[in-house]
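Numbering (our numbering), first residue to last: 1 to 519. Ideal Cβ positions, reconstructed from N, Cα and C, are used throughout, including at glycine. To start, the structure itself, in C-alpha cells.
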Amino acid sequence: MNAIFVSQSGSIKMFHDLAIKLKSQFNLCDIGMVVSHRRSVNEFIKNHKDNNLNTFNVLKEWEITNNYKNISPDINILESYCRKLNVTNFWDAIVADRRLMQNIKATYFQNYSTPYTHTELLQILQASLEQVEKLFDKTKPDFVVSFICVTLIEYLVHLFAKSRNIPILNIRTTRIEDFMVFGNDIQEPAARIKNQYFALEKQQPDAELEKEATEIYEKLKNGIFQYEGVGVNTPFPVTHIISKYISKFFKTPKIFSFIYTDISIKLGKLKDKHDPGIIVPLLFNIFYKPSIKRLIHWNLRSKYINQTDLNHHNYAFFPLHLEPEVALLVYGRYHTNQIEVIRHIATSLPVGMELFVKDHPKSMGRRKLSYYQKILEIPNCRLINPYITTDPIIKNSQLVITIGGSAGWESVIKEVPVIVLGNSAYEFLPDTMVRKLHSFNNLSDTIHQLISEYTHDKKSILRYLMAVVSESQRLNFYSTLLNRQGVATGSARNLSCNDEWDDQISLLARYTENSLNNL
C-alpha cells in the first residue's frame, strides 16, 4: 500500500510519525507528504535528525509560491484540469487559502486585500495543480490522510483523491470532549457520524454506548461545553503576559536571532512568501492589539448590551466568527462577508425583534473600530459586551443564527432554536430544532416556522452523541499532537512527554487503521 499525508506548519511531526507508525502496520511502500511553512519544516529537521523525510515523496509548498512567476498561465491547461477533477472552476480552492485572498497579515489582523493579481493567482494555481498531480502519479496512494483544509494545495489534494476514487481521511474536532473524527472529505458534516446517526434510528443501541452518551449529555446540560483544543482563559493578567512578551523581545540575543530569521524568510535559506516572520506578529501582539482592544472597548462602552439588559429584550443572537478560519473559508464559503450576513438576518427578523451580535474573543483587537460601527448602522442591530459569556446570551435569546460555530451546538443543548448558514457537524438533527438555510430568500419564513414549531428532541441529541462516540476517537490532538499552548487538554493519562506522544500517535494510528478497514 501507498499513502499521502498532508501536513500544515504545526502538524509535520504528527503526520511524519503517523506515517512511520502506519508503514509497519500496512507495510507502506511509497509515502508522499505535503509540507508547508518552510521555517517549521526546517525546525523539525533540525530537532529530529533521525527523521525519514528524505525517504518520502515530498511536495514543498514554498517551492511553488517562491517560483510561480516562472509559470505562464495557460487557460487550456487549467480547463483540462477542471475536466479531470470534475469541477467548474478552482475558486473554492483559492478562497480556502487565506494567504492568497487575504494575505499573510490576516493571521493576526483582519485584512481583505489580496497580495496577488488575477494572473498571479492563476500562475500559483497552475503550478500547484501540476505538482500535486506529479505527487499522485509518483506515489500512487491507496489513501490520503489530512487535517481540516486551510491551503490551496490541501484542497487540490482532496480534489485529486476524489477524482481517482482514493479514500480520504480528513481529521477534525467534533467539539465534544476530546473526540476527533475522520471525515471522508474536507466538508462538514462527517459522513461516518451522519450515517451512524440514521443507522441508530433503526436499531437498539448498545447499553454502554447509550450510558456514555447520556453522561456527556448531562455534562452539557450542566454547562460543561469545553472541548479539547479550545482556548482556555489564562490565569495570568494581561499586563503579565505583555511584560513577558516585552522581556522576550528585548533580550539582546533574541533580537538578533529574530532579525536574522526574518531576513532569512525574506531573502535567505528560509525564504517563504507565506511566512509572516517573527517580529511583526510579535510587535502586533505586544503593542498594537492590546491598544486597539482598549480603544475599541472605550469607544463602544456606552453602546454595548450588558448581561443585566438581556432579559429585557426580544432578540436573536448572531456570534461573529474569527476571521479567517475554516468555518468561513471552507464550510461557510458564501458567508465570508459577515456584515452583509448580519444585514440579511436583521432585515428578516419578526417585527420588533432585534439582532444581538457578539464578537469572537480572539477577534478583539484584530478588527478596526469602523467594522463595529458598520454593524451598529443597521437599525435593529446591537453589540453585546464581548466579555460576557455566551451562556446567558443564548438562554435569553429567541433564536440563534450561526454560520457554523460551536454556539449553535450549545444552543441545541440549551433548547434554543438554531439556524445554520454554512455546513455544520450537527445540521442533520431534526428540523424542529435545527434548520439549514440554503437561501436568504427563505430566511424570514424559516425563522417564523422554526420559532413557532420548535420542539426539543432529547432522543435525537442522544442518538447524535452515540454516533459521535462510536465513530470518533478520544485524542489529545491539539494539546499533545499539535503541541498547542493555552488550550484545553483531553483525557489525562499521567504519562511523561515522550510516553504521552507515543500513546497518542498509537491511538491515532489504530483509529486510522480501523477507519480504513471500515470504509
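Pairwise C-alpha distance: Leu-129 and Asn-42: By one-based count along the sequence shown, residue 42 stands at place 42. By one-based count along the sequence shown, residue 129 stands at place 129. Within the model, the alpha-carbon separation for Asn-42 versus Leu-129 is close to 25 Å.
Segments of 3+ residues assigned as beta strand (DSSP E) that fall wholly inside the segment 335 to 388: 354 to 358, 381 to 383
Residue environment, Gln-504, which counts as buried when at least 16 other CB atoms sit within 10 Å: Within the sequence shown, numbered from 1, the residue matching residue 504 stands at position 504. So Gln-504 counts as buried.
Simplified DSSP state of Ser-146, which is helix, strand or coil: Counting from 1 along the sequence shown, the entry for residue 146 is found at position 146. The three-state secondary structure of Ser-146, taken from DSSP, is strand.
Per-residue DSSP class, three states only, for Phe-287: On the sequence shown, position 287 is the one that residue 287 refers to. Helix at Phe-287.
Host alpha helix (DSSP H) of Pro-392 (start-end): Numbered from its first residue, the sequence shown carries residue 392 at position 392. Run containing Pro-392: 390 to 395, per the alpha helix (DSSP H) assignment.
Three-state secondary structure (DSSP) of Ala-316: Stepping through the sequence shown from its first residue, residue 316 is reached at position 316. Note: Ala-316 maps to strand in three-state DSSP.
Inter-residue CB distance, Asp-185 and Ile-166 (contact presumed, cutoff 8 Å): Working through the sequence shown from its first residue, we reach residue 185 at position 185. Working through the sequence shown from its first residue, we reach residue 166 at position 166. Their Cβ separation, rounded to whole angstroms, is 12 Å, which puts Asp-185 and Ile-166 out of contact at 8 Å.
Pro-235 to Tyr-387 span [Cα, whole Å]: Taking the first residue of the sequence shown as position 1, residue 235 is located at position 235. Taking the first residue of the sequence shown as position 1, residue 387 is located at position 387. Legend: pLDDT at Pro-235 = 45, less than 50; position of this residue unreliable, no value from coordinates given.
Integer Cβ distance of Phe-428 from Tyr-197, believed to fall under 8 Å: Numbered from 1 along the sequence shown, position 428 holds the residue referred to as residue 428. Numbered from 1 along the sequence shown, position 197 holds the residue referred to as residue 197. Contact flag correct, Cβ pair sits at about 7 Å.
Beta strand (DSSP E) segment containing Ile-216, residue limits: Translated into the one-based positions of the sequence shown, residue 216 becomes position 216. That residue, Ile-216, is in no beta strand (DSSP E); its alpha helix (DSSP H) goes 207 to 221.
Backbone CA spacing between Ile-216 and His-118 [nearest angstrom]: Stepping through the sequence shown from its first residue, residue 216 is reached at position 216. Stepping through the sequence shown from its first residue, residue 118 is reached at position 118. So the two alpha carbons sit approximately 49 Å from each other.
Three-state secondary structure assigned by DSSP to Ile-176: The residue given as residue 176 occupies position 176 in the sequence shown. Coil, per DSSP.
With 16 other Cβ atoms within 10 Å as the buried cut-off, status of Lys-194: Residue mapping note: residue 194 aligns to position 194 of the sequence shown, counting from 1. Around the Cβ of Lys-194, a 10 Å sphere holds 16 or more other Cβ atoms; the residue is buried.
Under 8 Å between C-beta atoms of Asn-314 and Gly-352: One-based indexing of the sequence shown puts residue 314 at position 314. One-based indexing of the sequence shown puts residue 352 at position 352. Taking 8 Å as the cut-off, the Cβ atoms of Asn-314 and Gly-352 count as close.
Nearest residue (CA-CA) to Glu-79, options Gly-332, Phe-90, Ser-72: What you label residue 79 is simply residue 79 of the sequence shown in a count that begins at 1. Checked all of Gly-332, Phe-90, Ser-72; the closest Cα to Glu-79 is Phe-90.
Test item: CB-CB of Ile-104 and Pro-276 under 8 Å: Your numbering for residue 104 matches position 104 in the sequence shown. Your numbering for residue 276 matches position 276 in the sequence shown. Yes, the pair counts as a contact, with Cβ atoms nearer than the cut-off.
Within 8 Å, strictly: CB atoms of Ala-96 and Leu-152: Mapped onto the sequence shown, residue 96 falls at position 96. Mapped onto the sequence shown, residue 152 falls at position 152. Their beta carbons are under 8 Å apart, which means Ala-96 touches Leu-152 by this criterion.
Within 8 Å, strictly: CB atoms of Leu-209 and Val-469: Taking the sequence shown and counting its residues from 1, the one referred to as residue 209 is at position 209. Taking the sequence shown and counting its residues from 1, the one referred to as residue 469 is at position 469. Yes, the pair counts as a contact, with Cβ atoms nearer than the cut-off.
C-alpha gap between Val-326 and Met-466, whole angstroms: Looking up residue 326 in the sequence shown gives position 326. Looking up residue 466 in the sequence shown gives position 466. Answer to the nearest angstrom: the Cα atoms are 26 Å apart.
Contact check, Ala-425 vs Thr-174, beta carbons under 8 Å: Stepping through the sequence shown from its first residue, residue 425 is reached at position 425. Stepping through the sequence shown from its first residue, residue 174 is reached at position 174. Closer than 8 Å, so yes.
Counted within 10 angstroms of its Cβ, other Cβ atoms place Ile-12 as buried (16 or more) or exposed: Along the sequence shown, read from residue 1 onward, the residue named residue 12 stands at position 12. So Ile-12 counts as buried.
Collapsed DSSP secondary structure at Arg-474 in the structure displayed: The residue you call residue 474 lines up with position 474 of the sequence shown. Three-state DSSP puts Arg-474 in a strand.
DSSP state of Leu-59 mapped onto helix, strand, coil: On the sequence shown, position 59 is the one that residue 59 refers to. Three-state result, Leu-59: strand.
Simplified DSSP assignment, three categories, for Phe-225: Position 225 of the sequence shown, counted from the first residue, corresponds to residue 225. Reduced to three states, the DSSP call for Phe-225 is coil.
Contact under 8 Å by Cβ, Arg-463 with Glu-201: Along the sequence shown, one-based indexing puts residue 463 at 463. Along the sequence shown, one-based indexing puts residue 201 at 201. Yes; because the gap between Cβ atoms is below 8 Å, this pair is in contact.
Backbone CA spacing between Pro-430 and Leu-437 [nearest angstrom]: By one-based count along the sequence shown, residue 430 stands at place 430. By one-based count along the sequence shown, residue 437 stands at place 437. Approximately 14 Å between the Cα atoms of the pair.
Collapsed DSSP secondary structure at Val-469 in the structure displayed: Translated into the one-based positions of the sequence shown, residue 469 becomes position 469. DSSP places Val-469 in helix when its eight states are reduced to three.
CB contact flag (Phe-284, Tyr-68, <8 Å): What you label residue 284 is simply residue 284 of the sequence shown in a count that begins at 1. What you label residue 68 is simply residue 68 of the sequence shown in a count that begins at 1. Contact: no.
Cβ-based burial, Ala-316 [other Cβ within 10 Å; buried from 16]: Position 316 of the sequence shown holds residue 316. Burial call: buried.
Three-state class that DSSP yields for Phe-258 in the structure shown: For this step, residue 258 is matched to residue 258 along the sequence shown. Helix at Phe-258.
Glu-133 versus Glu-410, Leu-59, His-16, His-297, residue with shortest Cα-Cα distance: As a first step, residue 133 must be located in the sequence shown, where it is residue number 133. Per the Cα distances, Leu-59.
Start-to-end residues for the alpha helix (DSSP H) that takes in Leu-322: Taking the sequence shown and counting its residues from 1, the one referred to as residue 322 is at position 322. Run containing Leu-322: none; DSSP gives neither H nor E here.
Through-space distance from Ile-31 to Ala-19, alpha-carbon basis: The residue given as residue 19 occupies position 19 in the sequence shown. The residue given as residue 31 occupies position 31 in the sequence shown. When rounded, the distance between both Cα atoms is 7 Å.
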